[in-house]
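Taking it in order: structure first as structure tokens, then the write-up.
Number of protein chains: 4
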Amino acid sequence: MTDTLIKVDLNQPATENEQIHNRWHPDIPMACWVKPGDDFILETYDWTAGAIKNDDDASDVRDVDLTTVHYLSGPVGVEGAEPGDLLVVDLLDIGAKQDSLWGFNGFFSQQNGGGFLTDHFPHAQKSIWDFQGLFTSSRHIPGVRFAGQIHPGLIGCLPDHKMLATWNEREQGLIDTNPNRVPPLANPTFAATAHMGKLTGEARDRAAAQGARTVPPREHGGNCDIKDLSRGSKIFFPVYVDGAGLSVGDLHFSQGDGEITFCGAIEMAGWVHMKVELIKGGMAKYGIKNPIFKPSPIVPTYKDYLIFEGISVDESGKQHYLDVNIAYKQACLNAINYLTKFGYSPAQGYSLLGSAPVQGHISGVVDIPNACATLWLPTEIFEFDIHPNASGPTRFLDGSIDLPIAYDK
Amino acid sequence: MTDTLIKVDLNQPATENEQIHNRWHPDIPMACWVKPGDDFILETYDWTAGAIKNDDDASDVRDVDLTTVHYLSGPVGVEGAEPGDLLVVDLLDIGAKQDSLWGFNGFFSQQNGGGFLTDHFPHAQKSIWDFQGLFTSSRHIPGVRFAGQIHPGLIGCLPDHKMLATWNEREQGLIDTNPNRVPPLANPTFAATAHMGKLTGEARDRAAAQGARTVPPREHGGNCDIKDLSRGSKIFFPVYVDGAGLSVGDLHFSQGDGEITFCGAIEMAGWVHMKVELIKGGMAKYGIKNPIFKPSPIVPTYKDYLIFEGISVDESGKQHYLDVNIAYKQACLNAINYLTKFGYSPAQGYSLLGSAPVQGHISGVVDIPNACATLWLPTEIFEFDIHPNASGPTRFLDGSIDLPIAYDK
Amino acid sequence: MTDTLIKVDLNQPATENEQIHNRWHPDIPMACWVKPGDDFILETYDWTAGAIKNDDDASDVRDVDLTTVHYLSGPVGVEGAEPGDLLVVDLLDIGAKQDSLWGFNGFFSQQNGGGFLTDHFPHAQKSIWDFQGLFTSSRHIPGVRFAGQIHPGLIGCLPDHKMLATWNEREQGLIDTNPNRVPPLANPTFAATAHMGKLTGEARDRAAAQGARTVPPREHGGNCDIKDLSRGSKIFFPVYVDGAGLSVGDLHFSQGDGEITFCGAIEMAGWVHMKVELIKGGMAKYGIKNPIFKPSPIVPTYKDYLIFEGISVDESGKQHYLDVNIAYKQACLNAINYLTKFGYSPAQGYSLLGSAPVQGHISGVVDIPNACATLWLPTEIFEFDIHPNASGPTRFLDGSIDLPIAYDK
Amino acid sequence: MTDTLIKVDLNQPATENEQIHNRWHPDIPMACWVKPGDDFILETYDWTAGAIKNDDDASDVRDVDLTTVHYLSGPVGVEGAEPGDLLVVDLLDIGAKQDSLWGFNGFFSQQNGGGFLTDHFPHAQKSIWDFQGLFTSSRHIPGVRFAGQIHPGLIGCLPDHKMLATWNEREQGLIDTNPNRVPPLANPTFAATAHMGKLTGEARDRAAAQGARTVPPREHGGNCDIKDLSRGSKIFFPVYVDGAGLSVGDLHFSQGDGEITFCGAIEMAGWVHMKVELIKGGMAKYGIKNPIFKPSPIVPTYKDYLIFEGISVDESGKQHYLDVNIAYKQACLNAINYLTKFGYSPAQGYSLLGSAPVQGHISGVVDIPNACATLWLPTEIFEFDIHPNASGPTRFLDGSIDLPIAYDK
């Protein structure tokens, strides 16, 4: 039977678990060691380590302390791994913790994190999703049910000191261009809530002061939120430090491309069964800067889509230059508006785009001045027919159910 | 037998064909009329109407007059169509012209159009692709062969006067922010090379002066360059004028998401067999601003991908804020660099990303400050194995073949 | 432009075309020659060469002379091909003839050919299918429309004398066990209606007397009626004679696994664009007895199925021993019965199973005494919902339309 | 958390577990009860309840007592279910038992069960497969690794007395036609080893004497061995007795169509998470005789196949009449022969066809006298390239590893 090298107790604070950390720093000691060829299991907290509850009150989303995330399991040391290698990780399987068969999706308040459509959804809201085997549904969004494309939102190896310095420098540089922006342009280092694994005392304090926040994806992978890094996929990670130091967390039962709701995909606590191998000197051999990966052979095969287009002219009519973010935002707004014709609230539509297996494609990026992006909404996840027809849409929902909301205090 | 309502003679200048136009304007007379339920065929020029030749000299790409494009077939009037309707278009089939079984892909000179990676590929280059039934291959890029996902790069209905004014105004506004930029931020109206279909005399001149350029995608669809609008798909277009006025052109034998090479996907002359129907008042019924569509059931099913990640830190190391364009650019550069390890030139890699059935996904757009985009390279299009392995890549190509290049004069 | 090496004129009797034949015999002269690496086009008659008409009268199906089929285009000689080689054939594309955009499906009378369910459908019936680009629908079976998986029902190389003798001997042996059976167990040689291509005089008569009938699939491939040999696939054929002698015909716009209706799939006249190459000595190298092939990357991707099971207990309740034919027959009858609940006549259901992209899987062949077979009915081809639900089926059809029938005289 | 209604202890004999049975009989008491809408978990033994060991000795396969199988978990009573209803079962998830992460595939001795190719493989052999998350590989068959399409080989509801009598009568009738055949034509009732769940005493003896063996698939479903009844699929079962009485067992980690090796697919002990609902009177409403089902959205998407054809002429050259079994047998033998060219033993090839996600299609069943069947071998499960090419096959295996064999005593 495969060894579980890191265990988490959902009733214990993550900060008391020495095999958990919430910053990136090369000095964080390995939580455990494995050999190339080994397979093993790591348990994980949800990214907030329990801050969001399975209830109908969104005040926990509103009040979450974002300096504490993400709680990661690791780092796992791999014997023989050296800087310049590629660490090959097979995600053999991923699941929810058996004592926690649910997940959450939410939008942060614009005052505390925001999200992709925060101008339209400025207040904290959430939806709770129950898992039934391979499937999920939500008591807050009736009429949909789908198979999860389970994946870790966040996985990657420890940076070395030089890369860490680069990260902190370039991100602080961006913050400095508009330091009072709400929400902020980036998250600066923050020692107070840093959990540095086994590190204690001065070593901890020193590393905590420098530790990079876990929010953005970076050269090592990290918080990429790529729904296709799903169970069954194989990833090739750059190695920067001896032993590689692989950490993982932020598991998602399902997510739409973009993870536009920010307070997650369908966020859950769980476990990852993985296997590691090495390609010595692989970074140079293959010219690798960021991770590359191969998709799983067993992803959900939803095939029938309604596809929404968006261009880089914003809601106010302002013309932007080849801006895919604006274009994707318009495609999302178009889809949300469409869903309201069937009885969904805009918030339900927004939540659905963040949590269902929605695809976001970059469709045109050269046809000046408009980028074009497309949002692919799988029609098979709905329990009713959402196709257009000559007689117009049927309102399947009566509006009696909506997402809990928590207004700013 | 289905009627061919618009014919094109590739030996005749497009400007002499009254059923062709290269600007958007509500005054362009319908080239022909059909009824809801009709199916019919339209032939089309390639988007440049023959400016690019099937040879090994890229000077035609360098010297192309971009004010002349795109040459579109139409507009087709649909009886009974009124503003506010949805025009439902089934793309029943699409093909190359039998007397022109080839296509081109190219990069414009940075001085004359540029492209997504113009800073890395500032000179005009091109590759020629031969069609063999459902498949294509290029004498300029050995080692790849794939089935085309044939589609029109450009399709949509005529704008009304109000929408046309909006387009011209917002785009000119953008140009005015940096009017001397090379390449430009957008393309202004330009009467000299406007071809307004059947319009002549003063009416032609008036419309030509206002006619919107065909380059960007807009609310009506237009030049979306969505590879998934392929033969077999069904599209729902907003209608702005009586009769709808559907035009189509810029056919692609194949394209990668983003059409990053700009001088095209694999550009070809051809024909479109389509069927039209109406959803009366459909825009309001379904809340439609931009077109929506359903994908074809018969797209090529390449399933095995190598997936490259990119984040919004540019090549110089500069941090950008949640910028998907930058992120996708990095993913593209990562893929090109990877391909060079197998013997491809960077230009061959770039051309391949623009022409093969590559997918571009928006993967994370909220994890400040980095957006994450992924480029999906189908491994099955290669005649050799491009997967990473422990012994490193094999150089399958000796560098003796490359894309023709034409330096700026 | 690719050469069309064999042309057919649908207004000319097939027997007047020297590049057509309807028997297998090594003495049939090559109709034309190609080299390895060549691609070329062959036009074909429908398998009956025009005996079945696009009308609403099934008497042509009843009265067809089955000794005349199948009219094949070829044989194509491949330079350098020798016995023991593998002929590699790429089906680059296949289509209907532009002047004949329709096809037929039918059941023979039990007195003249019969079919898989002839005990249930003893009389000649037919349905006519119109082609609209990639799609087809029938005026005789409302409520369905689907993309064709176009393929040749019959393709293979000439046998040598020894193999021909084996075929004739073993089939005659079977006939001799019950020579008066109606329909017969197999088709004996029959010189009168044999069309031996360019052969004339005594040579023709000698070969006609020995020429194997084209009905069954055999070691060389032949009339396999495999819907997955579709355009885009690649086939490896055993070669028995110098020059290989590849012939093709019996094109199908679409077919269900089993081609259970016998008077075809959706039968059509058309053309095949193919490319040939050789693997010298490939039969021994790879141990090939029957052809092998690789499927196309562009088959229709219908994914949602209702799957019907059948076991090897026949309609009368009789127990058979591990008999997949009986099991598949039961699965077919179960599906037909199911379809009648939505308003289809049994004949419409039967015709649909023979012509739509239905899959037939061998599911269990060892669980004595019952074989189990499954019939996969794609739900997406229906214009209404055929899923079971708690309230029971809706009759979408009123029974006013049915297949033409022609009773035995 | 979902309730596990039936638990099995792999160290306890199945015959001591009152919630297990190995015959079909309406008098077997319900092991537990649920309500429509409930979801619940049932644990299961492997089909032999531990008779086959994880070792390198095939004598256990040779010596197995086939009168004892299959050990099923159930029957589960569903409140309100009545004869004539349809029981709708969602297979929400299925897995191996965590203390038993392996499975077996084998061929029975011809003297004790045999198999599809028992004339070619007359001796008992076996291969052991280890599970690593979603994937499996075997120490006895190097060079392959694939994702499991996990499914129950056997699932169905209790028959009523009348149906039971029909089963026993028709199967005994077949046995009587050749009662001494080895292997037998069917399995007669056999009281000695019958395990009738909670039944004891005279009631047990009476039922045991009549209880139908579990080997064949029948009208209720039962041992269909359909690999596509996989986790995530939805099945509609006929109900014959009050409470329905749903039983399940014979879990497979993976199986090829036909389960040709008979001593299984990849056989395992495990658990099934399912949900039940009712369609009242559904059998008549939808004309259901055998179960129907819908496939899962998350099956492994292996897309690249080598497809082998077989026709109904047997290995000795004998002509059979439209016999799909013979045709499929030839396709299997062709595939096995092909695999030997790469270094596999015939036994390894046979085992692979029984255990990997191989498809078996019924391709032509009307082209007298030859049926045609196809075997689809997914190429992506191999760690090396098994495609044909001009230079011939490479022997990747040196023959040092083979399947354990146990000769008849």
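Chains as they are written, first to last, in this note's numbering: chain W, 1 to 409; chain S, 1 to 409; chain V, 1 to 409; chain Z, 1 to 409.
Glycine is no exception: its CB is placed at the ideal position from the N, C-alpha and C atoms.
Rounded to a whole number of angstroms, what is the C-alpha to C-alpha distance between arginine 395/W and aspartate 385/W?
-> Position 395 of the first sequence, counted from the start, is the residue given in the question as residue 395/W. Position 385 of the first sequence, counted from the start, is the residue given in the question as residue 385/W. Distance between the alpha carbons of arginine 395/W and aspartate 385/W is about 11 Å.
Beta-carbon separation of glycine 364/W and cysteine 372/W under 7 Å?
-> The residue labelled residue 364/W in the question sits at position 364 within the first sequence. The residue labelled residue 372/W in the question sits at position 372 within the first sequence. Cβ atoms of glycine 364/W and cysteine 372/W: closer than 7 Å.
Decide if alanine 327/Z is buried, meaning its Cβ has at least 16 other Cβ atoms within 10 Å, or exposed.
-> Residue numbering aside, residue 327/Z sits at position 327 when the fourth sequence is read from its first letter. That one is buried.
For isoleucine 336/W, which of Gln19/W, Asn325/W, Asp323/W and Leu352/W has the nearest alpha-carbon?
-> Translated into the one-based positions of the first sequence, residue 336/W becomes position 336. Minimum Cα distance to isoleucine 336/W is reached at Leu352/W.
May I have the straight-line CA-CA distance separating alanine 356/V from glycine 95/W, to the nearest angstrom?
-> Reading the third sequence from its first residue, position 356 is the one you call residue 356/V. Reading the first sequence from its first residue, position 95 is the one you call residue 95/W. Cα to Cα, alanine 356/V sits roughly 39 Å from glycine 95/W.
Whole beta strand (DSSP E) elements within the segment 22 to 88 of chain Z, 3-residue minimum = 32 to 34, 39 to 44 and 72 to 78
What residues in the segment 284 to 304 of chain V bring their beta carbon closer than 9 Å to a beta carbon of chain W?
-> Thr301, Tyr302, Lys303 and Asp304
Grouping DSSP H, G and I as helix and E and B as strand, with all else coil, what is valine 215/V?
-> Taking the third sequence and counting its residues from 1, one reaches residue 215/V at position 215. Correct three-state label for valine 215/V: coil.
When you check each C-beta in the segment 126 to 143 of chain Z against every C-beta of chain W, which residues fall closer than 8 Å?
-> Gln132, Gly133, Leu134 and Phe135
Any non-hydrogen atom of the ligand MN within 6 Å of lysine 234/W CB | This structure simply doesn't include the ligand MN, nor any ligand for that matter.
Do alanine 165/V and alanine 191/V have their C-beta atoms closer together than 7 Å?
-> Your numbering for residue 165/V matches position 165 in the third sequence. Your numbering for residue 191/V matches position 191 in the third sequence. Contact flag unset, no.
Would you identify the three-state DSSP class for alanine 203/Z, choosing helix, strand or coil?
-> Indexing the fourth sequence from 1 puts residue 203/Z at position 203. Alanine 203/Z falls in the helix class under three-state DSSP.
What residue range is occupied by the uninterrupted beta strand (DSSP E) comprising glycine 264/V?
-> Translated into the one-based positions of the third sequence, residue 264/V becomes position 264. Per DSSP, glycine 264/V belongs to the beta strand (DSSP E) from 262 to 267.
Between glycine 173/Z and leucine 322/V, what straight-line distance do the alpha-carbon atoms span, to the nearest angstrom?
-> Position 173 of the fourth sequence, counted from the start, is the residue given in the question as residue 173/Z. Position 322 of the third sequence, counted from the start, is the residue given in the question as residue 322/V. Taking the straight line from one Cα to the other gives about 15 Å.
Residues near isoleucine 235/Z in its chain [Cβ-Cβ closer than 6 Å; skip 5 each side] | On the fourth sequence, residue 235/Z is found 235 positions in, with the first residue counted as 1. Closer than 6 Å at Cβ, skipping near neighbours: Val89, Pro291 and Phe293.
Per DSSP, the bridge partner or partners of cysteine 372/Z = Position 372 of the fourth sequence, counted from the first residue, corresponds to residue 372/Z. DSSP output for cysteine 372/Z lists Ile311/Z and Gly364/Z as bridge partner(s).
Determine the DSSP secondary structure at valine 8/Z, reduced to helix, strand or coil.
-> Counted from its first residue, the fourth sequence places residue 8/Z at position 8. Valine 8/Z: coil per DSSP, three-state reduction.
For leucine 92/Z, decide whether its Cβ has a neighbour in chain W, counting only Cβ atoms nearer than 7 Å.
-> By 1-based counting over the fourth sequence, the position of residue 92/Z is 92. Yes, contact with chain W.
List, in order along the chain, the chain W residues whose C-beta lies closer than 7 Å to that of tyrosine 321/S?
-> Position 321 of the second sequence, counting from 1, holds the residue named residue 321/S. Leu174 and Leu185, listed in chain order.
Please confirm if the segment 196 to 215 of chain Z is in contact with the segment 51 to 59 of chain Z, defined as three or more CB-CB distances below 8 Å between the two stretches.
-> no
State yes or no: is the C-beta of cysteine 332/W within less than 7 Å of the C-beta of valine 239/W?
-> On the first sequence, position 332 is the one that residue 332/W refers to. On the first sequence, position 239 is the one that residue 239/W refers to. No, they are not a contact pair.
Report yes if the C-beta distance between serine 247/S and proline 75/S is below 7 Å; otherwise report no.
-> Translated into the one-based positions of the second sequence, residue 247/S becomes position 247. Translated into the one-based positions of the second sequence, residue 75/S becomes position 75. Against a cut-off of 7 Å, the Cβ pair of proline 75/S and serine 247/S comes out as a contact.
At a Cβ threshold of 7 Å, is glycine 37/Z touching chain W?
-> By one-based count along the fourth sequence, residue 37/Z stands at place 37. No, no contact with chain W.
What does a CB cutoff of less than 6 Å around methionine 268/V pick up in its chain, not counting 5 residues either side in sequence?
-> Position 268 of the third sequence, counted from the first residue, corresponds to residue 268/V. For methionine 268/V, where only same-chain residues beyond five positions count, the Cβ hits under 6 Å are Asp46, Ala96, Gly103, Leu251 and Phe253.
Round the Cβ separation of leucine 87/V and glycine 232/V to the nearest angstrom and send it over; I've been treating them as touching at under 8 Å.
-> Counting from one through the third sequence, the residue named residue 87/V turns up at place 87. Counting from one through the third sequence, the residue named residue 232/V turns up at place 232. Between glycine 232/V and leucine 87/V the Cβ distance is about 18 Å, and since that is not below 8 Å, they are no contact.
Could you tell me which of Leu185/V, Asn389/V and His220/V sits nearest to phenylalanine 342/V, measuring between CA atoms?
-> As a working note, residue 342/V is residue 342 in the third sequence. Nearest of Leu185/V, Asn389/V and His220/V to phenylalanine 342/V, Cα basis: Asn389/V.
What does arginine 170/V touch in chain Z if you count any residue whose Cβ is under 8 Å from its own?
-> Taking the first residue of the third sequence as 1, we reach residue 170/V at position 170. The contacting residues are Val313, Gly317, Lys318 and Gln319.
Between glycine 211/V and the rest of its own chain, which residues show a CB-CB distance below 7 Å, the 5 nearest in sequence each way excluded?
-> Counting from one through the third sequence, the residue named residue 211/V turns up at place 211. Taken in chain order, the residues that qualify are Arg23, Trp24, His25, Thr189, Ala194 and Met196.
When the Cβ atoms of the segment 64 to 79 of chain W are set against those of the segment 125 to 134 of chain W, are three or more pairs found closer than 8 Å?
-> no
In the structure shown, what three-state DSSP assignment does isoleucine 326/V receive?
-> Position 326 of the third sequence, counting from 1, holds the residue named residue 326/V. Residue state, collapsed to three classes: helix.
From Ile260/S, Val324/S and Pro152/S, residue whose alpha carbon lies closest to that of leucine 117/S | Taking the first residue of the second sequence as 1, we reach residue 117/S at position 117. With distances taken between Cα atoms, leucine 117/S lies closest to Ile260/S.
Kindly list, in the order they appear in chain W, the residues whose Cβ is closer than 8 Å to that of asparagine 105/S.
-> Residue 105/S sits at position 105 when you count from the first residue of the second sequence. Neighbours of asparagine 105/S on chain W: none; closest Cβ ~13 Å, over 8 Å.
Does the beta carbon of cysteine 224/S sit closer than 7 Å to a beta carbon anywhere in chain W?
-> As a working mapping, residue 224/S is identified with position 224 in the second sequence. Yes, cysteine 224/S lies at the interface with chain W (some Cβ there is under 7 Å from its Cβ).
Cβ of glycine 364/S within 7 Å of any chain V Cβ | The residue given as residue 364/S occupies position 364 in the second sequence. Glycine 364/S does not count as touching chain V.
Delimiting residues of the alpha helix (DSSP H) encompassing histidine 161/V = Within the third sequence, the letter at position 161 stands for residue 161/V. First-last of the alpha helix (DSSP H) with histidine 161/V: 161 to 176.
Per-residue burial, glycine 114/Z [other beta carbons within 10 Å of its own, 16 or more giving buried] = On the fourth sequence, position 114 is the one that residue 114/Z refers to. Result: buried.
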